[in-house]
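Residue numbers are given in my numbering: position 42 of the sequence shown equals residue 50, and the series is strictly consecutive. Ideal placement from N, C-alpha and C gives every residue a C-beta, glycine not left out. None of these values were measured; they are calculated from a predicted model. Working notes, beginning with the structure itself.
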Amino acid sequence: MHREFEPAIHYWGTPVVLISTLNSDGSTNIAPMSSAWWLGWSCMLGLDASSQTVANLRRQGQCVLNLAGAENAEAVNALARTTGASKVPLHKKALGYRYESNKAQKGGFELLESLLVSPSRLLQCPVHLEAEVTGIRPFGGQDPRFAVPACAIELRILKAHIEEELLAGPDRVDADSWHPLLMSFRHLYTRGAKLLDSRLARGEEAQYAPWKGRGPKAWATQAALSWSSRKYRVKEEGADEETI
Ligand SMILES: Cc1cc2nc3c(=O)[nH]c(=O)nc-3n(C[C@H](O)[C@H](O)[C@H](O)COP(=O)(O)O)c2cc1C
Numbered sequence: 009m010h011r012e013f014e015p016a017i018h019y020w021g022t023p024v025v026l027i028s029t030l031n032s033d034g035s036t037n038i039a040p041m042s043s044a045w046w047l048g049w050s051c052m053l054g055l056d057a058s059s060q061t062v063a064n065l066r067r068q069g070q071c072v073l074n075l076a077g078a079e080n081a082e083a084v085n086a087l088a089r090t091t092g093a094s095k096v097p098l099h100k101k102a103l104g105y106r107y108e109s110n111k112a113q114k115g116g117f118e119l120l121e122s123l124l125v126s127p128s129r130l131l132q133c134p135v136h137l138e139a140e141v142t143g144i145r146p147f148g149g150q151d152p153r154f155a156v157p158a159c160a161i162e163l164r165i166l167k168a169h170i171e172e173e174l175l176a177g178p179d180r181v182d183a184d185s186w187h188p189l190l191m192s193f194r195h196l197y198t199r200g201a202k203l204l205d206s207r208l209a210r211g212e213e214a215q216y217a218p219w220k221g222r223g224p225k226a227w228a229t230q231a232a233l234s235w236s237s238r239k240y241r242v243k244e245e246g247a248d249e250e251t252i
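So this is what it looks like as C-alpha cells:
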C-alpha cells in the first residue's frame, strides 16, 4: 500500500559528474555533482548558487563534464563536503564543508588538456564532455521548501571523448560496458545487468542524428524535423533567464 510522505530530498538516482571549471587564477576546480541530464547535445545542470563552480561558469562560461564510472567512486567520496570557494558559505559550514584549493590532487586526478575549452579534463574518468554555457536561470526559488538558492545551467556540448573499450562502434557507446557511478539518496551505486530487450532501443541509434545521414531517407527525416520544428516551436516563458 502506498502512503504519503515528505522526504527531505528527492535524490532518486542520477549519474555522478565531476565538473572541471577554471578559477580566476587559472587553476582548475573540480566538483562532484549529480543533478544533470541530457537531451541531444544539450545538458542541464542543477547547482547550489554559492558553489565555486557556478562563480567560474558565470565568469568564464566553459566546463568539462567528466562522467564518473564505478571505478571513480572512492575519488568522488574523497571530494564530498569540499568546496573550491575559499570563503565557505555558512550553510555549507553547517554541513561540515571545508575549503580545498586543489581538488584534482585531493581526488588523485591527473589533468589533461581539452581540445576546445580552457578547463582541463580528468584522465581517470572514462568520459569527457567539453561544453559551453548557453543560459543560467534561477531554479526552485518559488518553493518555500527549497533550502538554498540554486540555478539551472544549460550547456551546449562541443566535443565528446570516451575510453575506447566503452565503444560498440565508431560513434556508439556499448551500454553493457558503461557502468556509470550513480548517486541515490546520497549513497553511491552503479547499475546492474540489462533487464530485457528494450523496445525503445530497436532500430539504428543513428536515427537520432539525422544530420549525419545521406540519401532520400535522411532527407525525409530532415524534412519531417523541419516541419516539427515550426509546428512545436517553444517560446521562452517568464522573464527570469539571465543572458550571459
Ligand atoms: C555525489 C555528489 C553529488 C552531488 N550533487 C550535487 C548537485 O547535483 N548539485 C549541487 O549543487 N551540489 C552537489 N553536490 C555537492 C557539491 O559537490 C558541493 O556543492 C560543492 O561545494 C561544489 O564544489 P565547488 O564549491 O568547488 O563548486 C554533490 C556532491 C557529491 C559528493
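Per DSSP, L196 is paired with what?
-> M191
Alpha carbon to alpha carbon, what distance is there between G177 and N74?
-> 21 Å
DSSP three-state call for V181: helix, strand or coil?
-> strand
Buried versus exposed call for A228 [16 or more other C-beta atoms within 10 Å across all chains shown] | exposed
Are the region 133-147 and the region 47-66 touching, with three or more C-beta to C-beta distances below 8 Å?
-> yes
Between the Cα of V61 and the Cα atoms of P127, R194, P188, which residue gives the shortest distance?
-> According to the sequence shown, residue 61 is Thr rather than Val. The shortest C-alpha separation from T61 is found at P127.
Can you give the beta carbon distance from P134 to E171, rounded, assuming they're within the 8 Å contact cut?
-> 4 Å
Measure how close the beta-carbons of S59 and T91 come, nearest whole angstrom, since I'm counting them as under 8 Å.
-> 7 Å
Enclosing alpha helix (DSSP H) for L98 [first to last residue] = 98-102
Once you ignore the five residues that flank I252 on each side, which residues in its own chain have a CB closer than 8 Å to its CB?
-> A caution first: I252 carries a pLDDT of 49, below 50, which makes its placement in the model too unreliable to give a value.
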